[in-house]
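Down below is the structure, laid out as structure tokens.
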Amino acid sequence: MAHWHICNVFDRGSAGSRLWQFEARKDRFTLKEQFVPLDDKPLPPKLVARGWSWLWSKKLNVALLPPGHVFIRVVHLPKSTFAETVSMVELQLEKLSPLPLTQIVWSIHVLPHQTKDGLQPVVVMIAARDKVEEYLGKLEAQGFLADRLELGTLDQLLCFTGEGDGVWIFPEAGAGAGAAVVAWWIGGALQHIGLLRLPPERDKAAAVRDQLWQMAWGGELEGWLTQMPPVHLVAGPPVRAEWEQALRTGLGVPVEVTDPLPPEQLAAHTAKRAAESEPKPNLLPPEFATRYQQQFVDRLWMRGLGAVLTIYVVGVLVYMATVQVFAFRAQMVEKQVAALAPQYTNAMQLMHRYNVLRERHELKFAALDCWKVIAELLPQELMLQGLDFAEGRRLTLNGTAPADNVNQVIDFYEAVRKAKLGNQPMFVRFTELNYRKDPNSATVSWNFACELNRAETQ
7 MAHWHICNVF DRGSAGSRLW QFEARKDRFT LKEQFVPLDD KPLPPKLVAR
57 GWSWLWSKKL NVALLPPGHV FIRVVHLPKS TFAETVSMVE LQLEKLSPLP
107 LTQIVWSIHV LPHQTKDGLQ PVVVMIAARD KVEEYLGKLE AQGFLADRLE
157 LGTLDQLLCF TGEGDGVWIF PEAGAGAGAA VVAWWIGGAL QHIGLLRLPP
207 ERDKAAAVRD QLWQMAWGGE LEGWLTQMPP VHLVAGPPVR AEWEQALRTG
257 LGVPVEVTDP LPPEQLAAHT AKRAAESEPK PNLLPPEFAT RYQQQFVDRL
307 WMRGLGAVLT IYVVGVLVYM ATVQVFAFRA QMVEKQVAAL APQYTNAMQL
357 MHRYNVLRER HELKFAALDC WKVIAELLPQ ELMLQGLDFA EGRRLTLNGT
407 APADNVNQVI DFYEAVRKAK LGNQPMFVRF TELNYRKDPN SATVSWNFAC
457 ELNRAETQ
């Protein structure tokens, strides 16, 4: 039962349809929700349909077959494994079935008790295939795809029998009005299950007596009955009085009357038994189970593809919306740029003019600074013939000096190299000092060049 988390039991009975949803808790199923559909309208998909949640929360759909569609028999077989028991039932199925084997579906339920001979009672349930397929068509019309078909009569029977020898009569579980299922529990085991009919016209007491005595004679011939056991009637108020009177009058023995299980309790027992049962055999035809499983897989694929397509479409829409937003913002920026273009052009022109004027101003003062420094450092013995300030930073000096004052030329060159404006050198990138003696006179010609350190002068 731990394999299943949810079990739906659907009873499409003559008194109306009812759906019970049970939740698995430990070793039992507890009622979670009850739903009564109107007429033959579809059931809520959230209760019965299987979706992605089924992959982690297993849901079992069980439909109750009408008792009139199922033929019940009891066979006693040697105790063995379930698979071997199924094989033994298959060997006897042709003898047990009222219809050809190609026209039936069948299932079994192995009882835990044993007969005095050590045999194991096995309840065999047989249903006409065409009736089952017709019933499944009605279930499908209401949106209920069954995983198993069960017989609620069996659970009613199992809940009351086993408390001692007796014959148990279940009118409400019979195949239609005026019918009842009869279970003979003798020697601590279920010996026989039969059908008891209450005729509408003839003497009901006599009819009940004759049918029960025929079953009793059959039990005596088979050796499992020696005397008439106590009679138990399991019936509700609608049919209790009629059946109790017929049994008391016909048999002349006391009849113990018991109320049947409420529908929700009976459905809980059915859910527990169905969850613990082997998947095969099952009253549900194999081709229906295969088709339902394929529909479930196809539905998962379609929903998965639909979800992926939806996510893709949403992603495309979000992308397109984002593109439109950014395109709108870009257009607004372009409009702003177009509006500011003339102002920007004018501003750039003004900035260029300003830079030119500032550079002229700076160069003017830079030239004056150079002249001032050279004038301060130039010795009186030296003659400055040329001072060329070009390219805004290139300073070229040339002049003459007496031939015996070459050292003063060198000192002047070193003084210019060491000249500072603030804490930084005023001139950088000096060329070598060139000087030569004029052969026609007693003088020396000298020259050198350097660059004004504009970073400091600015």
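Residue numbers (the numbering used here): 7 to 464. Cβ atoms here follow ideal geometry from the backbone N, Cα and C, with glycine treated the same way. Owing to the predicted nature of the structure, the values given are computational and were not obtained by experimental measurement.
> In chain order, what residues of the same chain lie with their CB nearer than 6 Å to the CB of Thr406, ignoring the 5 residues before and after it?
Replying inline: Along the sequence shown, read from residue 1 onward, the residue named residue 406 stands at position 400. So the list reads Met389, Thr449 and Ser451, once near-sequence residues are dropped.
>> With a threshold of 7 Å on Cβ separation, who are the neighbours of Ala211 within its own chain once the five nearest residues in sequence on each side are excluded?
In response: For the purposes of this step, residue 211 is identified with residue 205 of the sequence shown, where counting begins at 1. The answer, listed in chain order, is Ala252, Thr255 and Gly256.
> Beta carbon of Thr264, beta carbon of Phe166: below 8 Å?
Replying inline: Counting from 1 along the sequence shown, the entry for residue 264 is found at position 258. Counting from 1 along the sequence shown, the entry for residue 166 is found at position 160. Yes, Cβ-Cβ distance for Thr264 and Phe166 is below 8 Å.
> Which residues mark the beginning and the end of the alpha helix (DSSP H) in which Leu160 is found?
Replying inline: Locating residue 160 in the sequence shown gives position 154, counting from the first residue. That run of the alpha helix (DSSP H) goes Gly158 to Phe166.
> Within 10 angstroms of its Cβ, does Ser23 collect 16 or more other Cβ (buried), or is it exposed?
Replying inline: Working through the sequence shown from its first residue, we reach residue 23 at position 17. Classification of Ser23: buried, given that the 10 Å Cβ count is 16 or more.
>> Does the stretch 135-147 come into contact with the stretch 315-330, if we say contact requires no fewer than three beta-carbon pairs (one atom in each stretch) closer than 8 Å?
In response: no
>> Runs of 4 residues minimum, wholly inside the stretch 74-128: which ones carry the alpha helix (DSSP H) assignment?
In response: 88-102
>> Which residue marks the beginning of the beta strand (DSSP E) containing Leu390, and which one marks its end?
In response: Counting from 1 along the sequence shown, the entry for residue 390 is found at position 384. Residues Met389 to Ala396.
> Of the choices Cys13, His275, Glu100 and Val214, whose alpha-carbon is the least far from that of Leu163?
Replying inline: For the purposes of this step, residue 163 is taken as the residue at position 157 of the sequence shown. Comparing Cα-Cα distances from Leu163 to each of Cys13, His275, Glu100 and Val214, the minimum goes to His275.
>> Give me, in chain order, the residues of the same chain whose beta-carbon lies closer than 6 Å to that of Thr463; leave out the 5 immediate sequence neighbours on both sides.
In response: As a first step, residue 463 is located in the sequence shown; it is residue number 457 there, counting from the start. In this prediction, Thr463 has a pLDDT of 46, which is less than 50 and means its spatial position is unreliable; nothing more can be read from the coordinates.
>> According to DSSP, is Val362 part of a helix, a strand, or is it coil?
In response: Numbered from 1 along the sequence shown, position 356 holds the residue referred to as residue 362. In this structure, Val362 counts as helix in the three-state DSSP scheme.
>> Does Glu29 come out as helix, strand or coil in the three-state DSSP assignment?
In response: In the sequence shown, residue 29 corresponds to position 23, counting from 1. Strand, per DSSP.
>> Using only the alpha-carbon positions, how far apart do Asp216 and Gly229 sit?
In response: Taking the sequence shown and counting its residues from 1, one reaches residue 216 at position 210. Taking the sequence shown and counting its residues from 1, one reaches residue 229 at position 223. Using only the alpha carbons, I get a separation of about 20 Å.
>> For Thr36, count the other beta carbons within 10 Å of its own beta carbon; 16 or more makes it buried, fewer makes it exposed. Which is it?
In response: Taking the sequence shown and counting its residues from 1, one reaches residue 36 at position 30. With fewer than 16 other Cβ atoms within 10 Å, it is exposed.
> Looking at C-alpha atoms only, which residue of Ala381, Thr91, Arg435 and Tyr419 is the closest neighbour of Arg399?
Replying inline: Indexing the sequence shown from 1 puts residue 399 at position 393. Closest by alpha carbon: Arg435.
> Does any C-beta atom of chain B lie closer than 8 Å to the C-beta of Leu70?
Replying inline: In summary, chain B is missing from the structure at hand, where a single protein chain is found.
> Could you give the residue range of the beta strand (DSSP E) that holds Leu202?
Replying inline: Translated into positions along the sequence shown, residue 202 becomes position 196. Start and end: Ala195 to Arg203.
>> Just to check my reading of the structure: Val76 and Ile132 have Cβ atoms closer than 8 Å, yes? What is that Cβ distance to the nearest angstrom?
In response: Your numbering for residue 76 matches position 70 in the sequence shown. Your numbering for residue 132 matches position 126 in the sequence shown. Going by Cβ atoms, the distance from Val76 to Ile132 rounds to 7 Å, so yes, they are a contact pair.
>> Assuming Gly428 is part of the beta strand (DSSP E), what are its boundary residues?
In response: Here residue 428 corresponds to residue number 422 of the sequence shown, with the count starting at 1. Taken as a continuous stretch (DSSP letters only), Gly428 belongs to no beta strand (DSSP E), as it is neither H nor E.
>> Measuring only the C-alpha atoms, how far is Ala213 from Gly184?
In response: Within the sequence shown, residue 213 is the residue found at index 207, counting from 1. Within the sequence shown, residue 184 is the residue found at index 178, counting from 1. Whole-angstrom Cα-Cα distance: 12 Å.
>> Check for me: the alpha helix (DSSP H) holding Glu140 runs from which residue to which?
In response: Here residue 140 corresponds to residue number 134 of the sequence shown, with the count starting at 1. Start and end: Arg135 to Ala147.
> Helix, strand or coil for His238 per DSSP?
Replying inline: Position 232 of the sequence shown, counted from the start, is the residue given in the question as residue 238. The answer is strand: DSSP assigns His238 an E or B state.
> Once you ignore the five residues that flank Gly225 on each side, which residues in its own chain have a CB closer than 8 Å to its CB?
Replying inline: Within the sequence shown, numbered from 1, the residue matching residue 225 stands at position 219. Once the five neighbours on either side are set aside, the close Cβ partners of Gly225 are Trp190, Ile192, Gln197, His198 and Leu231.
> In three-state terms, what does DSSP make of Lys286?
Replying inline: Within the sequence shown, the letter at position 280 stands for residue 286. Looking at Lys286 - three-state DSSP - the assignment turns out to be coil, as it is neither helix nor strand.
> Along the chain, which unbroken stretches of the alpha helix (DSSP H) at least 4 residues long are found entirely within the stretch 211-268?
Replying inline: 243-257
> Nearest to Ile12 by alpha carbon, out of Val422, Lys47, Tyr350 and Arg56?
Replying inline: On the sequence shown, position 6 is the one that residue 12 refers to. Taking only the C-alpha atoms, the option nearest Ile12 is Arg56.
> What do you get for Asp161, buried or exposed, if any count of 16 or more other CB atoms within 10 angstroms of its CB means buried?
Replying inline: As a first step, residue 161 is located in the sequence shown; it is residue number 155 there, counting from the start. When all chains shown are included, Asp161 counts as buried.
> So what's Phe371 in DSSP terms, helix, strand or just coil?
Replying inline: As a working mapping, residue 371 is identified with position 365 in the sequence shown. Phe371 falls in the helix class under three-state DSSP.
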